[in-house]
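Q: Protein chains in written order, with my numbering: chain A, 66 to 376; chain B, 66 to 376.
Got a structure here, written out as structure tokens. Questions coming.
Protein chains: 2
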Amino acid sequence: MSEFAYIRWVRQRIAAHPRVLVGPGDDTAVVRWPSGLPCLITTDMLLQGSCFLLENTDPRLIGRKALAVNLSDIAAMAGKPVAAVVSVALPRVGGRRLAEELFEGLSQVAAEFDTAIVGGDTNAWTGPLAINVTVIGEPTGSGPVRRSGAEPGDWIVATGEFGGSILGKHLTFTPRVREAQRLHELVHVKAMIDVSDGLSADLHHLCEESGCGALLDESLIPISAAARAMQDGKSPLDHALADGEDFELLLAVSAAEGQRLLQEQLLAEFGVSLYRLGEFVPQGFALRTSDGSVKQIEPRGYVHEFDGSSG
Amino acid sequence: MSEFAYIRWVRQRIAAHPRVLVGPGDDTAVVRWPSGLPCLITTDMLLQGSCFLLENTDPRLIGRKALAVNLSDIAAMAGKPVAAVVSVALPRVGGRRLAEELFEGLSQVAAEFDTAIVGGDTNAWTGPLAINVTVIGEPTGSGPVRRSGAEPGDWIVATGEFGGSILGKHLTFTPRVREAQRLHELVHVKAMIDVSDGLSADLHHLCEESGCGALLDESLIPISAAARAMQDGKSPLDHALADGEDFELLLAVSAAEGQRLLQEQLLAEFGVSLYRLGEFVPQGFALRTSDGSVKQIEPRGYVHEFDGSSG
Numbered sequence: 066m067s068e069f070a071y072i073r074w075v076r077q078r079i080a081a082h083p084r085v086l087v088g089p090g091d092d093t094a095v096v097r098w099p100s101g102l103p104c105l106i107t108t109d110m111l112l113q114g115s116c117f118l119l120e121n122t123d124p125r126l127i128g129r130k131a132l133a134v135n136l137s138d139i140a141a142m143a144g145k146p147v148a149a150v151v152s153v154a155l156p157r158v159g160g161r162r163l164a165e166e167l168f169e170g171l172s173q174v175a176a177e178f179d180t181a182i183v184g185g186d187t188n189a190w191t192g193p194l195a196i197n198v199t200v201i202g203e204p205t206g207s208g209p210v211r212r213s214g215a216e217p218g219d220w221i222v223a224t225g226e227f228g229g230s231i232l233g234k235h236l237t238f239t240p241r242v243r244e245a246q247r248l249h250e251l252v253h254v255k256a257m258i259d260v261s262d263g264l265s266a267d268l269h270h271l272c273e274e275s276g277c278g279a280l281l282d283e284s285l286i287p288i289s290a291a292a293r294a295m296q297d298g299k300s301p302l303d304h305a306l307a308d309g310e311d312f313e314l315l316l317a318v319s320a321a322e323g324q325r326l327l328q329e330q331l332l333a334e335f336g337v338s339l340y341r342l343g344e345f346v347p348q349g350f351a352l353r354t355s356d357g358s359v360k361q362i363e364p365r366g367y368v369h370e371f372d373g374s375s376g
Numbered sequence: 066m067s068e069f070a071y072i073r074w075v076r077q078r079i080a081a082h083p084r085v086l087v088g089p090g091d092d093t094a095v096v097r098w099p100s101g102l103p104c105l106i107t108t109d110m111l112l113q114g115s116c117f118l119l120e121n122t123d124p125r126l127i128g129r130k131a132l133a134v135n136l137s138d139i140a141a142m143a144g145k146p147v148a149a150v151v152s153v154a155l156p157r158v159g160g161r162r163l164a165e166e167l168f169e170g171l172s173q174v175a176a177e178f179d180t181a182i183v184g185g186d187t188n189a190w191t192g193p194l195a196i197n198v199t200v201i202g203e204p205t206g207s208g209p210v211r212r213s214g215a216e217p218g219d220w221i222v223a224t225g226e227f228g229g230s231i232l233g234k235h236l237t238f239t240p241r242v243r244e245a246q247r248l249h250e251l252v253h254v255k256a257m258i259d260v261s262d263g264l265s266a267d268l269h270h271l272c273e274e275s276g277c278g279a280l281l282d283e284s285l286i287p288i289s290a291a292a293r294a295m296q297d298g299k300s301p302l303d304h305a306l307a308d309g310e311d312f313e314l315l316l317a318v319s320a321a322e323g324q325r326l327l328q329e330q331l332l333a334e335f336g337v338s339l340y341r342l343g344e345f346v347p348q349g350f351a352l353r354t355s356d357g358s359v360k361q362i363e364p365r366g367y368v369h370e371f372d373g374s375s376g
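Here it is as structure tokens:
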């Protein structure tokens, strides 16, 4: 099978979408854009062996994840995804079936979130599977929510539990697109990020961009069942703080609005629980332990390391 | 060095751009969009060993190419590039210097074409180097020029010579962004494509989308010096027809407008010569040889092949 046969196969499976003026099969796609709205853009590359293991993963879940991680980034701005382009580097042997299964997973989550797949680039090589998705989207409500904007006294709120995503959630998570839009309507979301690197690492990014610190409360951190099920000697709390790819949202809201969000559990319509994890403080990055003492902690999570040994 | 240190390094090197509301360092970038214009989007993945050889290529040229191939796609719609996002899969050893050199090449061609680098995804793995760029842009003049729209009797016009790009041009070509915009102002460009796969292959794509055929004239095909310098037993004409990555534009214009373009050489201000290669015909894909006979030809060019042996 050649890339062109595959592109024909894809074109037959892509439905018309009111936003798409030109879909796959031309030099670029052309997407209708509403007057006055800026364009959000985000990209993510998934790599065999590092972001997924091909041997024991359904390729449909890999395709799903490749798009969903980008939808999660759009969610973190309280945006609405509009269109996606997909690049793949396929193995030469077995590439056809793999390409079709990746596409099935991608197109299913695209349909769920009304995101048009409008183009891509199909390659074959002797290297491992690599897949890159770029999503464009538009802001909702009062505009994109940045990582900056959290202030001391604001509550740290999350849309779910943390830790142990490697047991499954890293492939099957729901990008919090609808939840973010609803939060953006309900309260003033002062800052937001999605947890891809790890709870403490991403909270630290948010603090850096906001120019403040954070004080997490050990007794409040929602630890997932998966974090408790991990059998590697680390504590469930460690997993919740340092494992990545939960793809829950972390947000900053005023204490008053946080209280309302939690008391009324305003995302219950989505089957989502809201948790308070602590509060933003002027400086430092610390955990209040169960005995009431406060200890500084290091932000931890997944970091891509590449040395400079040739440089 | 970690991805975060690299992202800080990149952020220090990215100048403010009037179109960019949020640049690298948040969950998505935010790009200002002019009212009423749709959004063009295109993506391309370059792979070590297939699109470039890392051992004997300056990484700056690889970074340059990764963006320039996308600019060429935007050019093929007569569009104006606006912003780019860049994903890389870096080797763990020597990744830092490589990342910096890729960025230098990218940012230089970005500046040349007033394209803002607004975000990306930085990964390290044990596989070969992979780099993916997505560019968004906006249409110019009367709107995007499609691959469809060529009609029998139209001239086949090209912006340069073909063949032998492997000797250098595949890395150093100028994406014909300005030329395409000028052509779009000067005449009715009925259909357009950029030559990435190969002259005959891409002309064939244009014919398929337009629902017509093409008759190339052997004596008119502009064969590059590089095509003549290739020492592999194939004829210069074969190289011109089948080698890929010239990144010249192929367009369809009426015979009258084609005549004017060529006689007046209306792209001379860019140092670019225009050539007539033949004409579009109702059907078939053929070459008129120097003795006046007409023979059907097969479209040839680079095709990514991946079999279905596991499927």
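Each residue gets a CB set at the ideal place from its N, CA and C atoms; glycine is no exception.
Which same chain residues end up closer than 8 Å to B:F335 when comparing Cβ atoms and leaving out the 5 residues on each side of it in sequence?
A: Within the second sequence, numbered from 1, the residue matching residue 335 of chain B stands at position 270. So the qualifying residues of the chain are R243, E244 and R247.
Q: The alpha helix (DSSP H) spanning A:I72 covers which residue range?
A: In the first sequence, residue 72 of chain A corresponds to position 7, counting from 1. Note, A:I72: alpha helix (DSSP H), E68 to R78.
Q: For B:K234, does the count of other Cβ atoms within 10 angstroms reach 16, so buried, or fall short, so exposed?
A: Here residue 234 of chain B is taken as the residue at index 169 of the second sequence, counted from 1. Buried: at least 16 other Cβ atoms inside 10 Å.
Q: Under a CB-based cut-off of 8 Å, is B:G184 close to chain A?
A: Here residue 184 of chain B refers to the residue found at position 119 of the second sequence. Interface residue, yes.
Q: Is B:I231 helix, strand or coil by DSSP?
A: The count along the second sequence starts at 1 and reaches residue 231 of chain B at position 166. DSSP places B:I231 in helix when its eight states are reduced to three.
Q: If we require 3 or more residues per run, which beta strand (DSSP E) segments fall completely within the segment 106–187 of chain A?
A: Complete beta strand (DSSP E) runs here, min 3: 144–156.
Q: Which residues in chain B sit within 7 Å of A:D282, going by Cβ to Cβ distance?
A: Taking the first sequence and counting its residues from 1, the one referred to as residue 282 of chain A is at position 217. The premise fails here: A:D282 is roughly 25 Å from chain B at the closest Cβ pair, so nothing lies under 7 Å.
Q: Please name the residues in the segment 216–233 of chain B whose beta-carbon is closer than 8 Å to at least one beta-carbon of chain A, in chain order.
A: Those would be none; no residue qualifies.
Q: If the cut is a Cβ gap below 8 Å, which residues of chain B does A:M110 touch?
A: On the first sequence, residue 110 of chain A is found 45 positions in, with the first residue counted as 1. By Cβ distance, chain B contributes S152, V153, A154, D186, N188, A195 and N197.
Q: Rank B:D219, B:D282 and B:S289 by C-alpha distance to the C-alpha of B:M63 and give the top, closest one.
A: One cannot answer for residue 63 of chain B here, as it falls past the ends of chain B, which runs 66 to 376.
Q: Any beta carbon from chain B within less than 8 Å of A:W74's own beta carbon?
A: Residue 74 of chain A sits at position 9 when you count from the first residue of the first sequence. Not closer than 8 Å to any Cβ of chain B, the Cβ of A:W74 fails to qualify, so no.
Q: May I ask you to report which of helix, strand or coil DSSP gives B:V254?
A: For the purposes of this step, residue 254 of chain B is taken as the residue at position 189 of the second sequence. B:V254 falls in the coil class under three-state DSSP.
Q: With B:T108 and B:N197 assumed to form a contact (beta carbons below 8 Å), what rounded beta-carbon distance in angstroms separates them?
A: On the second sequence, residue 108 of chain B is found 43 positions in, with the first residue counted as 1. On the second sequence, residue 197 of chain B is found 132 positions in, with the first residue counted as 1. About 7 Å separates the two Cβ atoms, so the contact holds.
Q: Would you list, in chain order, the members of the segment 302–332 of chain B that have their beta-carbon closer than 8 Å to a beta-carbon of chain A?
A: Within the segment 302–332 of chain B, no residue has a Cβ that lies closer than 8 Å to any Cβ of chain A.
Q: DSSP three-state call for B:G376: helix, strand or coil?
A: The residue labelled residue 376 of chain B in the question sits at position 311 within the second sequence. Because B:G376 carries a pLDDT of 29, less than 50, the predicted location of this residue cannot be relied on, and the following value inherits that uncertainty. B:G376 falls in the coil class under three-state DSSP.
Q: Check whether the Cβ atoms of A:L264 and A:G343 lie closer than 8 Å to each other.
A: Walking along the first sequence from the start, residue 264 of chain A turns up at place 199. Walking along the first sequence from the start, residue 343 of chain A turns up at place 278. For A:L264 and A:G343, no; Cβs fall outside 8 Å.
Q: Could you tell me which residues DSSP pairs with B:F345 in its beta bridges?
A: On the second sequence, position 280 is the one that residue 345 of chain B refers to. BP columns for B:F345 point to B:A279.
Q: Once you ignore the five residues that flank B:E226 on each side, which residues in its own chain have a CB closer than 7 Å to its CB?
A: For the purposes of this step, residue 226 of chain B is identified with residue 161 of the second sequence, where counting begins at 1. If we look at B:E226 and ignore the five residues flanking it on each side, its Cβ neighbours are P287, I288 and S289.
Q: Could you run through the segment 93–122 of chain A and flag, in chain order, every residue whose CB is less than 7 Å away from some CB of chain B?
A: Cβ contacts with chain B come from T93, A94, V95, V96, R97, W98, S100, G101, L102, P103, C104, L105, I106, T107, T108, D109, M110, L112, G114 and S115.
Q: Within its chain, find whatever has a CB closer than 6 Å to the CB of B:S374; leave out the 5 residues flanking it on each side and keep chain order.
A: Along the second sequence, one-based indexing puts residue 374 of chain B at 309. Confidence is the limiting factor: at B:S374 the pLDDT is only 38, short of 50, which leaves the residue's position unreliable, though a coordinate-based value still follows. Once the five neighbours on either side are set aside, B:S374 has no close Cβ partner at all.
Q: Mapping the DSSP letters down to three states, classify B:D308 as helix, strand or coil.
A: The sequence position of residue 308 of chain B within the second sequence is 243, counting from 1. Correct three-state label for B:D308: coil.
Q: Can you give me the Cβ contacts of B:I378 inside the same chain, cut-off strictly under 6 Å, excluding the 5 residues immediately before and after it?
A: No answer is possible for residue 378 of chain B: it lies beyond the span of chain B, which begins at 66 and ends at 376.
Q: Spell out the partners DSSP gives B:G202 in its beta bridges.
A: For the purposes of this step, residue 202 of chain B is identified with residue 137 of the second sequence, where counting begins at 1. Beta-bridge pairing links B:G202 to B:L105 and B:P146.
Q: Considering only DSSP beta bridges, list what B:Y340 is partnered with.
A: Indexing the second sequence from 1 puts residue 340 of chain B at position 275. BP columns for B:Y340 point to B:A223.
Q: Please list the terminal residues of the continuous alpha helix (DSSP H) segment that includes A:R293.
A: Translated into positions along the first sequence, residue 293 of chain A becomes position 228. From DSSP, the alpha helix (DSSP H) with A:R293 extends over A290 to A294.
Q: Against chain A, with Cβ distances strictly below 8 Å, would B:L86 count as a contact?
A: Within the second sequence, the letter at position 21 stands for residue 86 of chain B. By this cut-off, B:L86 is an interface position.
Q: Find out if the Cβ-Cβ distance for the pair B:R78, B:G90 is shorter than 8 Å.
A: The sequence position of residue 78 of chain B within the second sequence is 13, counting from 1. The sequence position of residue 90 of chain B within the second sequence is 25, counting from 1. No, the Cβ-Cβ distance between B:R78 and B:G90 is not below 8 Å.
Q: What residues of chain A sit near B:I378, judged by a beta carbon separation below 9 Å?
A: Chain B is shown from 66 up to 376; residue 378 of chain B falls before or after that span and cannot be answered.
Q: Return the chain-ordered list of same chain residues with a C-beta closer than 6 Å to the C-beta of B:D282, the five sequence neighbours on each side being excluded.
A: Working through the second sequence from its first residue, we reach residue 282 of chain B at position 217. These residues qualify, in order along the chain: G343 and R353.
Q: Cβ closer than 8 Å: which chain A residues qualify as neighbours of B:I258?
A: For the purposes of this step, residue 258 of chain B is identified with residue 193 of the second sequence, where counting begins at 1. Correct list: D92.
Q: Taking Cβ-Cβ distances shorter than 8 Å, what residues in chain B pair up with A:R212?
A: Numbered from its first residue, the first sequence carries residue 212 of chain A at position 147. By Cβ distance, chain B contributes G90, D91 and D92.
Q: Beta-carbon within less than 6 Å of A:V346's beta-carbon, same chain only, minus the 5 sequence neighbours each way: which residues are those?
A: Numbered from its first residue, the first sequence carries residue 346 of chain A at position 281. Excluding sequence neighbours, A:V346 sits near P217, G278 and L280.
Q: Looking only at its chain, what residues have a beta carbon closer than 6 Å to the beta carbon of B:P99, apart from the 5 residues adjacent to it on each side?
A: Position 34 of the second sequence, counted from the start, is the residue given in the question as residue 99 of chain B. Contacts found: none.
Q: Is the closest heavy atom of the ligand PLP to the C-beta of A:Q348 under 7 Å?
A: The ligand content of the structure shown is nil, which means the ligand PLP is not present either.
Q: Going by beta-carbon coordinates alone, are A:A154 and A:A195 separated by less than 8 Å?
A: By 1-based counting over the first sequence, the position of residue 154 of chain A is 89. By 1-based counting over the first sequence, the position of residue 195 of chain A is 130. In this structure, A:A195 lies closer than 8 Å to A:A154 by Cβ.
Q: Note down, in chain order, every chain A residue with its Cβ under 7 Å from the Cβ of B:P209.
A: Taking the second sequence and counting its residues from 1, one reaches residue 209 of chain B at position 144. By Cβ distance, chain A contributes V87 and V95.
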